[in-house]
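This report concerns only the one structure given below.
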Amino acid sequence: MADIPSHARVVIIGGGAVGASSLYHLAKAGWTDCVLLEKNELTAGSTWHAAGNIPNFSGNWGVMNIQRYSTELYRRLGAEVDYPMNYNVTGSVRLAHSKERMQEFERAIGMGRAQGLDMEICSNEDLKNHYPYLETHDLAGGLYDPYDGDMDPSQLTQAFAKGARDMGAKILRFCPATGARRDNGEWVIETPKGEIRCEYVVNAAGYYAREVGKWFGRDVPMVVMSHQYMLTDEIPELEEWTKSNGGKLPLLRDVDSSYYLRQEKTGLNLGPYERNCVAHWVEPTDPMPDDFSFQLYPDDLERLEWYIEDAMARVPLLGTAGVNKVINGPIPYTPDGNPLIGPMPGVPNAFEACVFTFGIAQAGGSGKVLAEWLTEGATEQDMWSVDPRRFTGFAADPDYALAKAKEIYGHEYAMHFPRHAWPAGRDRKCSPVHDRIIAAGGQMGAYNGWERANWFAKPGDDTSEDATQTWGREGPWLPRIREECHAVRDAAGILDLPGFSRYRVKGDGAAEWLRGLVTGGLAKPGRIGLLYFADEGGRIITEMSILRLEEDFFFLITAAGAQWHDRDWLLKHLPDGSPIEITDVSEEFSCQILAGPKSRNVLAAVTDADLTKGWLTHQTAQIAGKHCQLVRVSFAGELGWEIHTQVADTAPVYDAIMAAGTPMGLKPFGMFALDSLRIEKGYRAWKGDLSTDYTVLEGGLDRFVRWQKDDFIGKAALERQKQQGVKKRFATLIVEANGHDAPYMSNVWKDGEIVGETTSGAWGHRIDKSVALGVLRSEAAEPGTRVEVEIFGERYPATVQEDKPLWDPENERLKA
Ligand SMILES: Cc1cc2nc3c(=O)[nH]c(=O)nc-3n(C[C@H](O)[C@H](O)[C@H](O)COP(=O)(O)OP(=O)(O)OC[C@H]3O[C@@H](n4cnc5c(N)ncnc54)[C@H](O)[C@@H]3O)c2cc1C
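End of the sequence shown sits at 1690 in the numbering used here; the numbers just go up one at a time, nothing left out.
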């Protein structure tokens, strides 16, 4: 048994595929002084029994990136670490039952192409050629990925372990971590064999991540589900086929029926994600055992009956064999089904690489991402879709986590349509005027748990979930969004917007400190500024509206979803012992957006504030006897104010404004209209248009950089980039699109080459055109350049616009 070291740079808790890959990637990056603790044998958690399917496909850009990296790595890993591995690159077919599913495939193929993948659309005939045992009569077609496949998850883990050990990293098996404490700026990890002091710690404890998180005061948002697959007896016909074809059948996923079917030796492996799914260890009567190493749940095939029958009709060969074995094991789920990879929220020098539902496919990529976080402090690609800070406290609530886990598991392969709001776990955080918004027809969406209206339906509109099952622009919402945008253009609109994240920053030196964090210049007291935070590489970390009250007293306002991310960024950069106080006051205040040419008249009827004060000013005022902060900005791009109040004062203020404004044409509007309005103005949205995939200059935010400032984070990198020339550039495009606007990460083509991607797209109801924002190679970003935007497999002509808003280019309406 290996001796336990007293000190290590990093301790990883958990020796599944993900922990082992993390150790391997840290060692590869030169961090060899790292220790992995595994309480049992490597792979004892979910890894040993996983089916080992390794897809590239994902509807999510970041997740596809992770999986693509894995499949590339696995093809060479055996040789790289000198460990023999059975990696069967069989290719895969994915079946489509509908036109919408084919569109989803087209979109994934497009994203894959941009990442260097080579997936292709299949006709039913192509499907049959790839997979002769398939019934295709009712299919709309499919997708083929030549680089999908399967591998033995234990071999994968052992290969990572060997590679890591060979480079000097340590693995201690049968050595559980039993606690952790912070001491003198270090972590002390407790084990029955002694303690290890370390700089960094990684929670890679799989379905035990919640238990490990508790030592750090971290409530990990997760639930453990049960997932089963069944293995059939040998099938002589398949054996014959395999012999004569020299390989296995491709992996098959009937995503609309919700299962995978894979050849395992000369039998088949069928694994459904069933709607009537089951969670474990959530009731007091079913406590989580201290140790579940190498154990399984009892078989429960009844739950899978529908899926088994469906698969037998699809591949009749399956019906010729009996069930040989069932594997029913624990599989952890976060509330959105993506894993947690990155900084542990609110905890210094602690990281997470846990709660994986596809941890075999994602182990390679997640190890890379985790190692980048630790060794470089940032990831190569933006990884927000797996960043632990995308969830905030409410998401760990057991009822919420359970409702979402079941919803995700039961819809594992579902299409995520842009106008669909998933129904589970809703109404967690409601505005005081929630009932009024619903009564006005509000069709709600959840934003970091906060319920906001997406659009307002009228009596008779189809508000069913069915109606949202489309990628198209058209739908019951379209005329309403248009009316809402036009109300904002012609009269006024109000949007109740609970949930902005906000921090009060106060204390001696606050201004000086903030100045070093943002790229631009701070506003004077009484004014507000839009400011960007960059990392050392000049890449966009976040955007905040910074309201200055006094010399050293600020309110920082940022996106609802950025609450923990931005808090951690601020705290990380606050020097020890600083007199500056940072308080998260997100739950105390709310906001209503009032926008449109009549908004001044509406406000004048309810307040005696000075409404002549110009753009980017703020002032305190009274509305309905309640204290408000009136901020003269407008994300909708019209004359307008944000009205910030105490949460408790939302209703009287809303009522007063509605009563005064309705006769003037004031209408409530929703998030979908706001998205259209802001895109027409070229205003960026966080983690779509604004992400660490782009530097501040690439994001076209040059005018938000004050070069003459002494120093700020990212200045040196941005100066370098400016000197060397910026190779890609933000651009606004008008797309001659048909019935769809460009989704996130649509390829932009020029002369047969991909020259960039869109970061958002919408129909502009004030300019009556389809608009996309994106980032293109600088030469393609020149105004007037003709390009093509690939939307669900079709390329549409598009033209790069001048670098100014499409609506009200001189901001005259905004500043009126
Ligand atoms: C039936 C089934 C089929 C699946 N099929 C696939 C598939 O085809 N493809 C795919 O990608 N994924 C699949 N999965 C999911 C996959 O198994 C998991 O996502 C993956 O194994 C997670 O790996 P991990 O390293 O994060 O966690 P785990 O493998 O669970 O590893 C965590 C490790 O941490 C250890 N540990 C816990 N607490 C401590 C502690 N205090 N101290 C030290 N060690 C500790 C545990 O013993 C365990 O070994 C499947 C899952 C199931 C249930």
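Glycine is no exception: its CB is placed at the ideal position from the N, C-alpha and C atoms.
Beta-carbon within less than 8 Å of residue i's beta-carbon, same chain only, minus the 5 sequence neighbours each way: which residues are those?
i: G1091; result: G1220, V1221
i: Y1133; result: R1127, L1144, G1145, P1146, Y1147, Y1181, D1184, A1185
i: D1022; result: N927, I928, P929, N930, F931, T945, V963, T964, G965, S966, P1124, L1125
i: Q1317; result: A1295, A1327, N1328, W1329, F1330, A1331, T1337, W1351, G1544
i: E1524; result: Looking at the sequence shown, residue 1524 is not Glu but Thr. Around T1524: S1305, P1306, V1307, D1370, P1372, S1464, Q1466.
i: P1161; result: W1155
Pick helix, strand or coil for residue i, following the three-state DSSP scheme.
i: V1062; result: strand
i: M875; result: Unreliable placement is indicated for M875, whose pLDDT of 45 sits below 50; the coordinate value is still reported in the next sentence. The answer is coil: DSSP assigns M875 none of H, G, I, E or B.
i: Q989; result: coil
i: F1268; result: helix
i: G1193; result: helix
i: D1128; result: strand
i: M1186; result: helix
i: E1410; result: coil
i: W1560; result: strand
i: W935; result: helix
i: G952; result: helix
i: K973; result: helix
i: I1454; result: coil
i: T1416; result: strand
i: L1030; result: helix
i: G1346; result: coil
i: S1473; result: helix
i: G1499; result: coil
Under 8 Å by Cβ, that's how I've got residue i and residue j pegged, so tell me the actual separation to the nearest angstrom.
i: M1538; j: A1690; result: In fact, because the Cβ distance is near 16 Å, the residues do not count as touching under 8 Å.
i: G1284; j: S920; result: Their Cβ separation, rounded to whole angstroms, is 19 Å, which puts G1284 and S920 out of contact at 8 Å.
i: D1107; j: G1196; result: 5 Å
i: L1688; j: S1508; result: 6 Å
i: M985; j: M938; result: 6 Å
i: G910; j: A891; result: Reading the sequence as shown, one finds Leu at residue 910 and not Gly. About 12 Å; that fails the 8 Å criterion.
i: F851; j: T1393; result: Beyond the ends of the chain as shown, which are 875 and 1690, falls residue 851; an answer cannot be given.
i: H899; j: A1245; result: 4 Å
Consider the C-beta atom of residue i and the heavy atoms of ligand 1; say whether any pair is separated by less than 7 Å.
i: F1604; result: no
i: A1522; result: no
i: K887; result: At residue 887 the sequence reads Ile, which differs from the Lys that was named. The answer is yes for I887.
i: P1066; result: no
i: P1027; result: yes
i: L1142; result: no
i: I995; result: no
i: Y1147; result: no
i: Q1032; result: no
i: N927; result: yes
i: H1101; result: yes
i: P1204; result: yes
i: S932; result: no
i: Y1081; result: yes
If I measure Cβ to Cβ from residue i and keep anything under 6 Å in the same chain, skipping five residues before and after, which residues do I get?
i: M976; result: A970, A1014, G1015
i: I1721; result: Within the shown structure, residues of the chain are numbered from 875 to 1690, placing residue 1721 beyond reach of any answer.
i: W1489; result: R1506, K1689
i: H1518; result: F1463, C1465, Q1503
i: P1526; result: A1498, K1500
What residue range does the alpha helix (DSSP H) around residue i cover?
i: V892; result: 891–902
i: Y1528; result: 1524–1535
i: A1078; result: Neither: A1078 is in no alpha helix (DSSP H) and is coded neither H nor E.
i: C1465; result: Here C1465 belongs to no alpha helix (DSSP H); instead the beta strand (DSSP E) covers 1463–1469.
i: E1111; result: 1110–1119
i: A1366; result: Careful: A1366 lies outside any alpha helix (DSSP H), inside the beta strand (DSSP E) at 1366–1370.
i: R1687; result: From DSSP, R1687 is part of no alpha helix (DSSP H); its letter is neither H nor E.
Spatial neighbours of residue i within its chain, please: C-beta separation below 7 Å, excluding the five flanking residues on both sides.
i: T1481; result: A1495, Q1496, I1497
i: D1301; result: E1325
Specify, as a first and last residue, the run of the beta strand (DSSP E) that residue i falls within.
i: A882; result: 881–887
i: C908; result: 908–911
i: E1631; result: 1627–1638
i: I1641; result: Where I1641 is concerned, there is no enclosing beta strand (DSSP E), given that its DSSP letter is neither H nor E.
i: F1578; result: Segment: none, F1578 is in no beta strand (DSSP E) and carries neither H nor E.
i: W1258; result: Taken as a continuous stretch (DSSP letters only), W1258 belongs to no beta strand (DSSP E), as it is neither H nor E.
Do residue i and ligand 3 come close, with the Cβ less than 7 Å from some heavy atom?
i: K913; result: Only ligand 1 can be found as ligands here, which leaves ligand 3 out of the picture.
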